[in-house]
Every structure is written in structure tokens, then in C-alpha cells.
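Enquirer: For the sequence shown, counting from 1, position 47 maps to 47 in UniProt numbering; every step adds exactly one. C-beta: ideal position from N, C-alpha, C; glycine also. Take a look at the following structure, please.
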Amino acid sequence: METRELRYFVAVAEELHFGRAAQRLGIAQPPLSRAISGLERRLGAALLERGSRGTTLTGAGAVLLREARAALDAVAAAERRTRRAAQAATSRPALVLAAKAGASGELLAELLDAYACEPGAVAVDVMLCGPGEQTRVLRDGRADVALLHRPFDDTAGFDTEDLRTEGQVVILPAGHPLGTRPRLRLAEVTGLPGLPLPRWPRPDGTFPDGPGPQVRDHTQLTQLITLGRACAVVPESGRTGLRGGLTAVPVHDAPRVTTVIAWPPHSRSTAVAGLVRAAAFL
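Listed below in C-alpha cells is the structure:
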């Protein structure tokens, strides 16, 4: 299969509409339809069900969508890492470390300080991401290494080193009646009247259904909580540096969160190895 065919298929599979997919790709619809039909013939499998009610993915199509996204990410990552390697040969070398904005702040600072003491340490550019974005930028080559959080982030396909495991807390507006409780249960948090949990975007940019507000970044979330429009369950380290107007209460039965440092298994970067080594001794 060619990368062009994979891009065509991913567009159709995500749009579930040949006209919109063709517009997104900047091509006419007939050659797009022919390309998908040719791909199905060569694979010997129907990838899409075309009917009067629209287009849907078959089981085989769902598998190819997952694999095609991974393959296209790998191609993009190879290009980006090659370009960055070429640039590093003529300028200062640097690592790009992806981390979730508003999370693991103290751990990140400790890691950067520890790595700076490593022999041959290079500059580290920190890329602050929205929820789940660290995985995407690591897969597609925009980052060399990332701090991820199990069980929420997908670590499949990466080498990882566990750094820290912690419980979770709920962030509430200051003065909320539950703010004085020593601890809460998850069931109490998920049903708070007037304080729904936020809805974060999926990888495709859409939001799940639900009553909570749509949230794209940590700053937006803290503002909504301060205004009494939402609450949030976050790792315990998220209580560090809480501004006025917010309070945190432990949620004793929430899943524990493990922060890991992750990197591509094929990486041969001595800088990445040095950063991982520094992280392992925190």
C-alpha cells in the first residue's frame, strides 16, 4: 500500500462521506472513489459499507483505520526526526520533551535539574500539551520523549520507565460544602449538582456527549472551576500551586495514576538515554 492510498482511506473513514473527504484532500471525488475501490480489490476485503443511509466502516475497515493512522504517524515521524537531525548537525542540539500542561510540575522541574547535571546534557525544549496530546506528538516525531500518565495515556509501542505513582484529588471552588471533607468517594464527585466533570476533546477533535463544559486546556479548566461551573479529578500533584478560589480534596477510591517517561523504542539518541537515566534516579 502507498501512503497516498492510506491518506485517502483515513480521510474517507474519518469523514464517512466521500464528498467531504475529497474536499478535505483537495481532490475530485471520482479519483478518490476509484482509489478506495482499488484498495479494497487488492486487499480482498470490503472496507466501507456504502448505503442509502450513508457510509460506515466494516470490521476490516476499522482495523485498517487504526493501522493506517499508525503508519502515517510513523512516516511523518521519520521525516520530522530526519530533518531535526540534520538541523542539529549545524546548530545547537536539543531534546523536545512533551508534558501535559498543569500536570507533574514538580516532577518535571526535578527531572530537568537532574538532567542538567548529566555529562553531555543538551538543551531541553519543553512542549506543553493538552490532555492526551503528548502521545500524539511523541508518535509523530514532534517530541523525542514525553511524560505520560497511566491509565489515561496510551503507552503502547513506547519504551517506558515508571517515575511516580499517586492518588487523585477533586478540584472544587473554594467555599464549596464538600471542600472541608477529609476525603470523598468517586461517586460523590461524578454527580455533584452544578459542578459537572469537564469534557476533553477526543483525538479527532470532537467532544464526548455529556453535561460538562467543553475544555481544551488547563487554564480554561481552572477558570471554570473558580466560577463554579465545573470540578475536575486530577493526580494529587495537581494540587501544587493551586491559586486562590480553588481547593482540593482526596478521592480515595479513584484509580491511582503512574507518571512514566516514554520514548520510541528505536531511538538511538544519547541525549534521550541521558534524560531517561536521570529520570530513573529521581
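Apply the 10 Å Cβ neighbour rule to D144 and answer buried if 16 or more other Cβ atoms are within range, or exposed otherwise.
Expert: buried
Enquirer: Let me know the secondary structure DSSP gives A232 once reduced to three states.
Expert: strand
Enquirer: Roughly how many whole angstroms lie between the Cα atoms of G212 and G191?
Expert: 11 Å
Enquirer: Decide yes or no for the touch test of the segment 61-80 against the segment 6-19: beta carbon pairs closer than 8 Å, at least 3 of them.
Expert: yes
Enquirer: By alpha-carbon positions, which one of G105, T226 and E49 ends up nearest to R243?
Expert: The candidate whose alpha carbon is nearest that of R243 is T226.
Enquirer: Assess contact between the segment 265-279 and the segment 118-128, defined as three or more Cβ pairs (one per stretch) separated by less than 8 Å. Is contact present?
Expert: yes
Enquirer: Between V233 and Q168, how many whole angstroms is the CB-CB distance? I'm expecting something under 8 Å.
Expert: 5 Å
Enquirer: DSSP three-state call for P173: helix, strand or coil?
Expert: Correct three-state label for P173: strand.
Enquirer: Where DSSP assigns a beta bridge to T165, which residues make up the other side?
Expert: T258
Enquirer: Quick check on the burial criterion: 16 or more other C-beta atoms within 10 angstroms. Buried or exposed for G241?
Expert: exposed
Enquirer: Tell me whether P30 sits in a helix, a strand or coil according to DSSP, three-state version.
Expert: helix
Enquirer: In terms of DSSP beta bridges, what is residue 298 paired with?
Expert: With the chain covering only 1 through 282, there is no way to say anything about residue 298.
Enquirer: Measure the alpha-carbon distance for A146 versus L138 and round it to whole angstroms.
Expert: Distance from the CA atom of A146 to the CA atom of L138, rounded to whole angstroms, is 7 Å.
Enquirer: The beta strand (DSSP E) spanning V276 covers which residue range?
Expert: For V276, there is no enclosing beta strand (DSSP E); the enclosing alpha helix (DSSP H) covers residues T270 to A280.
Enquirer: Do V96 and D125 come within 8 Å of each other at the CB atom, strictly closer than that value?
Expert: yes
Enquirer: Return the residue from the list I261, T259 and G179 that minimises the CA-CA distance to D250.
Expert: Just to set this straight, residue 250 is Pro in the shown sequence, not Asp. Ranking I261, T259 and G179 by Cα distance to P250 puts G179 first.
Enquirer: Would P151 and P235 be called neighbours here (beta carbons separated by less than 8 Å)?
Expert: no
Enquirer: What residue ranges within the segment 40-128 form continuous beta strand (DSSP E) runs of no fewer than 3 residues, ordered along the chain?
Expert: 48-51, 54-57 and 94-100
Enquirer: Please report the distance separating the alpha-carbon of F281 from that of E166.
Expert: 18 Å
Enquirer: Nearest by alpha-carbon distance to A278: which of P208, L195 and A109 is it?
Expert: A109
Enquirer: Ordered along the chain, which non-local residues of its own chain (more than five positions away) have a Cβ less than 6 Å from that of A11?
Expert: A21, R24 and L25
Enquirer: According to DSSP, simplified to helix, strand and coil, what is V12?
Expert: helix
Enquirer: By the 10 Å Cβ neighbour count, where 16 or more other Cβ atoms means buried, how is D153 classified, buried or exposed?
Expert: buried
Enquirer: L148: which of A68, G102 and P30 sits nearest, CA to CA?
Expert: G102
Enquirer: Using a Cβ-Cβ cut-off of 6 Å (strictly less than) and excluding sequence neighbours within five positions of W263, which residues of its own chain qualify?
Expert: Excluding residues within five positions, the ones whose Cβ falls inside 6 Å are V145, D159 and V272.
Enquirer: Nearest CA to the CA of I171: which residue from A77, P201 and L184?
Expert: L184
Enquirer: Using a Cβ-Cβ cut-off of 7 Å (strictly less than) and excluding sequence neighbours within five positions of L245, which residues of its own chain qualify?
Expert: In the sequence as presented, Leu is not what sits at residue 245; that position holds Gly. Counting only Cβ-Cβ distances below 7 Å, and skipping sequence neighbours, we find P173, A174 and T226.
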